[in-house]
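In our numbering, the protein residues as written are 22 to 246.
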């Protein structure tokens with residue numbers, strides 16, 4: 022089985038920050054999220070057979086690759102740039118069909134912090150977005166993450182569906198270099214106008230460790246439920 026063991030984090034993170042409207046050249050301070058968990062349920066709307074549960078728990082993509090391979094990866098980045106703060110995560114699962122399902126979410130706001138609270142999906146301003154791409158058969162990062170066009174890169178990836186949120190809310194419970202946690206719900210659509218609802222979404226990312234305390238993903242999910 023092909024596993025996640027390729028050097029993806031730096032190109033992937035830089036590319037997705039560009040997609041969110043943050044240039045890699047504008048990121049003077051950044052802190053990685055090393056591990057975490059992401060859960061959500063999706064259901065075709067108003068009816069239809071397309072439905073499932075996305076669940077990913079684990080560490081960020083290895084860079085450089087290590088000897089241990091894995092089927093799930095979760096990571097992200099907390100950045101401050103030009104009086105703007107962005108918290109971002111990605112979660113990937115290698116399926117039994119040898120394709121990759123990828124989810125990602127970011128919240129970007131003016132200021133030096135991201136206060137806890139509700140952040141509506143912002144399609145036009147691209148400050149709060151969620152995406153879900155399933156059935157990726159050629160999962161490769163952009164060749165030039167510092168100067169690529171996101172639409173061209175997405176156009177070069179072979180996938181079954183690319184859903185972008187068109188409405189909904191991200192609730193941020195905590196966002197700083199140590200951790201990024203919260204919940205999300207909403208509606209997403211692909212280019213073929215297939216619409217899905219996203220429910221029971223929750224995420225928790227771990228960054229800089231302060232002290233020796235560490236919560237399990239099960240403990241974190243219990244807090245939000």
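Ideal Cβ placement from N, Cα and C applies to all residues, glycine included.
All figures in this text were calculated on a predicted structure; none of them were measured in a lab.
- Setting aside the 5 residues that flank it on each side, residue 131 is surrounded in the same chain by 104 and 105, each with a C-beta closer than 7 angstroms to its C-beta; the list follows chain order.
- Going by DSSP, residue 116 is part of no beta strand (DSSP E) at all; its letter is neither H nor E.
- Nearest to residue 58 by C-alpha distance, out of 210, 203, 213 and 219, is 203.
- Residue 158 sits in coil when the DSSP states are folded into three classes, being neither helix nor strand.
- A direct Cα-Cα distance of roughly 26 angstroms separates residue 115 from residue 52.
- With contacts defined as CB atoms closer than 8 angstroms, residue 208 and residue 71 fail to qualify as a contacting pair.
- Spanning the alpha carbons of residue 117 and residue 154 requires a straight line of approximately 16 angstroms.
- The continuous beta strand (DSSP E) containing residue 102 extends over residues 93-102.
- For the set 182, 109 and 123, the Cα lying nearest the Cα of residue 200 is the one of 109.
- Around the Cβ of residue 179, a 10 Å sphere holds fewer than 16 other Cβ atoms; the residue is exposed.
- With a 10 Å radius around the Cβ and a threshold of 16 neighbouring Cβ atoms, residue 68 comes out exposed.
- Under the criterion of beta carbons closer than 8 angstroms, residue 119 and residue 96 do not qualify as touching, at roughly 22 angstroms.
- Here residue 149 has 128, 140, 141, 142, 143 and 191 as same chain residues with Cβ atoms under 7 angstroms from its own Cβ, once five neighbours each way along the sequence are excluded.
- When DSSP states are grouped into helix, strand and coil, residue 177 belongs to the helix group.
- In the three-state DSSP reduction, residue 132 falls in the coil class, being neither helix nor strand.
- Shortest Cα-Cα distance from residue 160 to any of 123, 138, 194 and 184 involves 123.
- Distance from residue 189 to residue 60 at the Cβ level is roughly 16 angstroms; contact not present, criterion being Cβ atoms closer than 8 angstroms.
- In this structure residue 152 touches residue 125 by the C-beta definition: roughly 5 angstroms separates them, less than 8 angstroms.
- Residue 74 and residue 137 have their C-alpha atoms roughly 26 angstroms apart.
- Taken atom to atom, the span from the alpha-carbon of residue 99 to that of residue 197 is near 7 angstroms.
- Distance from the CA of residue 50 to the CA of residue 133, rounded to the nearest whole angstrom, comes to 11 angstroms.
- In this structure, DSSP gives residue 212 a state outside helix and strand, which the three-state scheme calls coil.
- Taken atom to atom, the span from the alpha-carbon of residue 225 to that of residue 94 is near 13 angstroms.
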